[in-house]
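Asks:
Number of protein chains: 2
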Amino acid sequence: MAKIVAENVKAHPALFEEEVQMWVYEEEVTIDEKSRHYDPNSPLCQGPQKLSALFNEIHENIKYLPGITLPKNVIANPSLVDAARDATLLVFVIPHQFISRICDTLQGNILPYARGISCTKGVDVSDKGIQLFSESIGARLGIYCGALSGANIATEIAQEKYSETTVAYDPPPVDSRQPSPAHSPSQSQVDLVAPNAEESKHKAVLKPLPIEYPALSHENVKKLFHRPYFHVRMVSDVAGVSLGGALKNVVALAAGFMDGLGWGDNAKAAVMRVGLLEMVKFGKHFFSASCRAQTFTEESCGMADVVTSCMGGRNFRCAKMAVERGMKIEEVEQQELNGQKLQGTSTAYEVHSYLKGQGMEHEFPLFTAVYNILEGKTKPEEIPELIEPKD
Amino acid sequence: MAKIVAENVKAHPALFEEEVQMWVYEEEVTIDEKSRHYDPNSPLCQGPQKLSALFNEIHENIKYLPGITLPKNVIANPSLVDAARDATLLVFVIPHQFISRICDTLQGNILPYARGISCTKGVDVSDKGIQLFSESIGARLGIYCGALSGANIATEIAQEKYSETTVAYDPPPVDSRQPSPAHSPSQSQVDLVAPNAEESKHKAVLKPLPIEYPALSHENVKKLFHRPYFHVRMVSDVAGVSLGGALKNVVALAAGFMDGLGWGDNAKAAVMRVGLLEMVKFGKHFFSASCRAQTFTEESCGMADVVTSCMGGRNFRCAKMAVERGMKIEEVEQQELNGQKLQGTSTAYEVHSYLKGQGMEHEFPLFTAVYNILEGKTKPEEIPELIEPKD
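Heads up: the protein sequence lines correspond to chains A and B, in order. The first sequence maps to residues 1 to 391 in full-length UniProt numbering. The second sequence maps to residues 1 to 391 in full-length UniProt numbering.
1. Excluding the 5 residues preceding and the 5 following A:Val332 in the sequence, name in chain order all residues of the same chain whose CB lies nearer than 6 angstroms to its CB.
2. Does A:Ile62 come within less than 9 angstroms of chain B when only Cβ atoms are used?
3. Can you tell me whether A:Glu26 is buried or exposed? The criterion is at least 16 other CB atoms within 10 Å of its CB, across all chains shown.
4. What residue from A:Gln294, A:Val307 and A:Phe230 has the CA that sits closest to A:Leu253's CA?
5. Would you say A:Arg325 faces chain B, with C-beta separation under 9 angstroms as the test?
6. Which chain A residues sit within Cβ distance under 7 angstroms of B:Tyr229?
7. What are the start and end residues of the alpha helix (DSSP H) that includes B:His352?
8. Of all Cβ atoms in chain B, is any one closer than 9 angstroms to the Cβ of A:Ala11?
9. Just to confirm before moving on: does the CB-CB distance between B:Phe286 and B:Pro380 stay below 9 angstroms?
10. With 16 other CB atoms within 10 Å as the buried threshold, where does A:Tyr64 fall?
11. My understanding is that A:Asn315 touches B:Asn266, with C-beta atoms under 8 angstroms, so please give their C-beta distance in whole angstroms.
12. Return helix, strand or coil for B:Asn372, following the three-state DSSP convention.
13. Who are the neighbours of B:Arg233 on chain A, taking C-beta pairs under 8 angstroms?
14. How many Å lie between A:Val271 and B:Ile31 at the Cα?
15. For B:Phe92 versus B:Thr165, is the C-beta distance shorter than 9 angstroms?
16. Listing by chain order, which chain A residues have their CB less than 8 angstroms from the CB of B:Asp104?
17. In terms of alpha-carbon separation, which member of A:Gly150, A:Ala2, A:Leu51 and A:Ser353 lies closest to A:Leu89?
18. Mind checking the stretch 41 to 69 of chain A against chain B and listing, in chain order, the residues whose C-beta falls within less than 7 angstroms of any C-beta there?
19. Please report the Cβ distance between A:Glu160 and A:Asn73, rounded to the nearest whole angstrom; I am assuming they are in contact, meaning their Cβ atoms lie under 8 angstroms.
20. Are the CB atoms of A:Arg325 and A:Gly240 nearer to each other than 9 angstroms?
21. Which residues mark the beginning and the end of the alpha helix (DSSP H) in which A:Cys310 is found?
22. May I ask you to report which of helix, strand or coil DSSP gives B:Cys291?
23. To which residues of the same chain is B:His218 closer than 7 angstroms at the C-beta, ignoring the five residues directly before and after it?
24. Whose C-beta lies closer than 8 angstroms to the C-beta of B:Gln49 among residues of the same chain, with five residues either side of it excluded?
25. Quick one, which of B:Tyr162, B:Thr69, B:Val5 and B:Leu106 has its alpha-carbon nearest B:Gly142's?
26. Is B:Tyr162 close to chain A, meaning its C-beta is less than 9 angstroms from at least one C-beta of that chain?
27. Measure the CB-CB distance between A:Arg227 and A:Asn61 and report whether it falls below 9 angstroms.
28. Going by the beta-carbon positions, is the gap between B:Val238 and B:Leu132 smaller than 9 angstroms?
29. With 16 other CB atoms within 10 Å as the buried threshold, where does B:Pro384 fall?
30. What is the DSSP secondary structure of B:Leu15, counted as helix, strand or coil?
31. Would you verify that the beta carbon of B:Asn266 is, or is not, closer than 9 angstroms to some beta carbon of chain A?
32. Taking DSSP's pairing of strands, which residues face A:Leu148 in a bridge?
33. Beta carbon of B:Gly283, beta carbon of B:Ala255: below 9 angstroms?
34. Are the beta-carbon atoms belonging to B:Ile75 and B:Gln21 less than 9 angstroms from one another?
35. What residues from the stretch 247 to 276 of chain A come within 9 angstroms of chain B, judged by C-beta to C-beta, listed N to C?
36. Can you say whether A:His231 is buried or exposed, counting buried as having 16 or more other CB atoms within 10 angstroms of its CB?
If you want it as structure tokens, here you go:
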């Protein structure tokens with residue numbers, strides 16, 4: 001994501017500042033002797049280095065994205081507060097379990113009229129109900145936060161292999177008041193139209209900017225993310241985009257169960273289709289105002305991401321192995337993922353917990369079947385009967 | 001299809017007659033010594049047998065669906081006219097190149113109030129324009145003809161592996177006149193409501209039936225095709241169902257080109273999504289009155305069939321090989337299919353010829369790119385640029 005944004009801010013100098021500040025969680029790394037960066041005479045190779053400092057020397061994250069050179073205008077910064085200071089656009093590309101802590105750190109340290117885009121997929125289910133991560137971020141920071149999701153495997157994008165994504169951005173109506181440092185941040189104060197909108201610059205990160213701040217249009221958000229190898233479609237349905245990325249993993253488990261049974265491509269395509277329609281139903285039922293069926297059925301964050309996830313994603317593969325080997329999925333996680341947990345199983349449990357609370361398990365027979373299979377209460381072979389339409 | 005229909009007519013004796021007449025093109029077959037049916041003392045194994053007679057003895061089509069026992073109420077009949085005589089429901093499961101000849105034979109030899117369901121996918125492009133095969137059948141026979149299409153690989157269905165399908169059936173408004181043998185067949189005379197609708201029987205094939213003839217509801221059509229392992233969704237969009245099965249093969253070629261380049265699952269899912277939306281656009285533009293986006297994006301005949309075809313169908317595999325081996329697709333057809341032609345290539349040419357005639361090539365950049373790749377005018381690598389949205 002840093003690569004894409006950095007390429008785009010360079011391509012649109014009238015619109016964005018050139019530097020992209022990238023917060024990295026600091027750690028020590030060592031350049032391996034087999035690395036193309038290894039040079040016994042280089043000071044970088046005399047023992048452990050700070051990840052951020054090394055990145056700013058060689059423009060590569062040797063630990064998390066080895067082999068990919070990032071543009072020089074991406075600056076790694078180990079200080080979250082410093083990286084985000086004065087940024088008008090914050091792009092969140094973090095595992096969901098860190099959102100809460102990161103927002104705590106950012107609170108009070110960002111521009112009140114900053115905007116967020118969450119690339120973290122999924123929903124947060126608690127006693128209080130169900131919340132999108134984009135909503136959690138927005139609420140905690142008092143800013144508007146959109147979402148980006150699609151059939152996007154990071155390493156393929158880094159290699160500039162063609163893909164698509166969906167960006168949802170739909171801030172509340174423009175408020176024409178001027179922002180001032182005294183403003184307490186709130187969504188309605190964020191979108192300010194400036195007379196010199198064309199000349200003002202959005203910044204992907206850092207440094208002071210004019211107090212007059214242009215509204216951020218779909219067109220300009222698109223310019224931050226769209227590349228010849230990474231096609232962006234803009235929508236307004238933040239809920240649909242956020243949900244697609246989470247719920248598709250539950251569908252991928254179901255598809256894996258089918259494939260594990262050796263039932264062939266017809267069966268797999270059938271549960272993908274049924275799953276996609278349960279995703280639509282879930283969105284429309286629980287996020288009705290904003291959620292559109294087409295976000296799931298026509299966009300990269302929906303249908304295309306379901307397809308990718310059911311072709312070879314981790315959830316799909318582990319579910320398939322579980323059936324083939326007659327094992328519980330936790331055992332497969334142990335064997336295949338070093339005990340790392342699948343996103344699909346936790347989402348299946350969260351979705352089920354929410355549906356049960358709403359008394360709506362039977363309205364979502366595939367999601368419920370996946371939960372019951374994970375719980376050992378249902379067999380994969382029963383899926384067709386369970387999802388058979390009753391009309 | 002005969003298996004499914006035969007199981008269902010037995011399950012609904014109040015609605016359907018028990019016997020299913022299946023026309024087979026007569027040929028001579030010999031039971032192989034390795035066959036489970038081989039018995040040196042059996043008269044069936046003393047040289048070549050007629051396919052129809054052998055089928056009626058052993059209830060298996062040893063040439064075209066070996067290993068699958070069909071229900072005893074399927075009767076193979078080498079006479080097309082005899083098989084269709086007095087049938088009120090005609091199910092067409094034939095390669096499209098035979099439709100014309102078969103309709104010539106049936107003309108004047110079927111009940112004027114018979115109904116058809118076409119399982120033959122695709123469209124017929126000629127100087128006169130574009131016509132669905134269901135429309136061709138209906139027009140030639142003077143009957144109403146619906147369509148069945150879905151992610152349905154025949155051998156998987158025969159083995160009762162779970163799958164889904166879509167049946168489109170939407171006859172013109174009911175005409176309450178009584179049919180009489182003197183009626184010239186026309187669509188408006190077909191749908192006749194009988195007072196004893198519940199008691200009258202639809203016949204899948206053969207034998208006289210009451211002159212009072214009930215309208216055929218979605219519910220009853222569904223009963224003819226729905227099985228626990230073959231889930232049917234009924235829709236009214238005959239154009240969408242017919243087009244889905246044809247156009248998906250063009251999309252499968254595009255997906256194969258991506259995979260052949262080694263561009264990964266993101267790229268493949270992206271062209272599948274773009275292709276699905278071009279299918280929607282094609283349907284809505286050229287069959288606007290009846291065609292619904294959801295038929296493509298939400299039904300088995302659309303999204304699910306695209307998925308199956310792009311996972312491992314012949315069109316996908318041959319397109320992939322063509323790129324990998326640097327060959328023309330005709331050469332791959334020669335090598336891999338013994339010179340048999342792919343459905344996707346002929347559909348791509350037909351679709352292109354129609355779009356060109358309409359001056360609309362640029363409105364369908366993926367379909368056009370596939371055609372140009374087949375023609376050697378475009379390289380697969382150019383697809384992303386060609387389908388990049390211009391907005």
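Ideal placement from N, C-alpha and C gives every residue a C-beta, glycine not left out. Quantities reported herein were computed from a predicted structural model and do not represent experimental measurements.
Replies: Straight from the coordinates:
1. Around A:Val332: Cys318, Met321 and Ala322.
2. Put simply, the CB of A:Ile62 is far from chain B, with every gap to its CB atoms at 9 angstroms or more.
3. So A:Glu26 counts as exposed.
4. Among A:Gln294, A:Val307 and A:Phe230, the Cα nearest to that of A:Leu253 belongs to A:Val307.
5. False, the Cβ-Cβ gap to chain B never drops below 9 angstroms.
6. Residues of chain A passing the Cβ test: Pro384.
7. The continuous alpha helix (DSSP H) containing B:His352 extends over residues Gln343 to Gly357.
8. Not closer than 9 angstroms to any Cβ of chain B, the Cβ of A:Ala11 fails to qualify, so no.
9. For B:Phe286 and B:Pro380, no; Cβs fall outside 9 angstroms.
10. So A:Tyr64 counts as exposed.
11. For a cut-off of 8 angstroms, the C-beta gap from A:Asn315 to B:Asn266 is around 16 angstroms, too long to register as a contact.
12. Residue state, collapsed to three classes: helix.
13. Using a Cβ-Cβ cut-off of 8 angstroms, B:Arg233 is close to Pro389 of chain A, given in chain order.
14. Distance between the alpha carbons of A:Val271 and B:Ile31: 39 angstroms.
15. In terms of Cβ geometry, B:Phe92 and B:Thr165 do not form a close pair [threshold 9 angstroms].
16. Correct list: empty, because the minimum Cβ distance to chain A is about 34 angstroms.
17. Comparing Cα-Cα distances from A:Leu89 to each of A:Gly150, A:Ala2, A:Leu51 and A:Ser353, the minimum goes to A:Ala2.
18. Listed in sequence order: no entries.
19. Going by Cβ atoms, the distance from A:Glu160 to A:Asn73 rounds to 17 angstroms, so no, they are not a contact pair.
20. Going by C-beta atoms, A:Arg325 is not nearer than 9 angstroms to A:Gly240.
21. Per DSSP, the continuous alpha helix (DSSP H) segment holding A:Cys310 begins and ends at Asp305 to Gly312.
22. Three-state result, B:Cys291: coil.
23. Cβ neighbours of B:His218 beyond the five flanking positions: Tyr169 and Met234.
24. Hits under 8 angstroms: Glu28, Val29, Thr30 and Ile31.
25. It is B:Leu106 whose Cα lies nearest to the Cα of B:Gly142.
26. It does; some Cβ of chain A falls within 9 angstroms.
27. Taking 9 angstroms as the Cβ cut-off, A:Arg227 and A:Asn61 do not qualify as a contacting pair.
28. In this structure, B:Leu132 lies closer than 9 angstroms to B:Val238 by Cβ.
29. The residue is buried, with at least 16 neighbouring Cβ atoms inside 10 Å.
30. Coil.
31. Yes - at least one Cβ of chain A is within 9 angstroms of the one on B:Asn266.
32. In the DSSP output, where bridge partners are listed per residue, A:Leu148 has A:Val167.
33. Not closer than 9 angstroms, so no.
34. If you check the CB distance, B:Ile75 and B:Gln21 come in under 9 angstroms.
35. Within the stretch 247 to 276 of chain A, the residues whose Cβ lies closer than 9 angstroms to some Cβ of chain B are Met258, Leu261, Gly262, Trp263, Gly264, Asp265, Asn266, Ala267, Lys268, Ala269, Ala270, Val271, Met272, Arg273, Val274 and Leu276, listed in chain order.
36. Buried is the call here.
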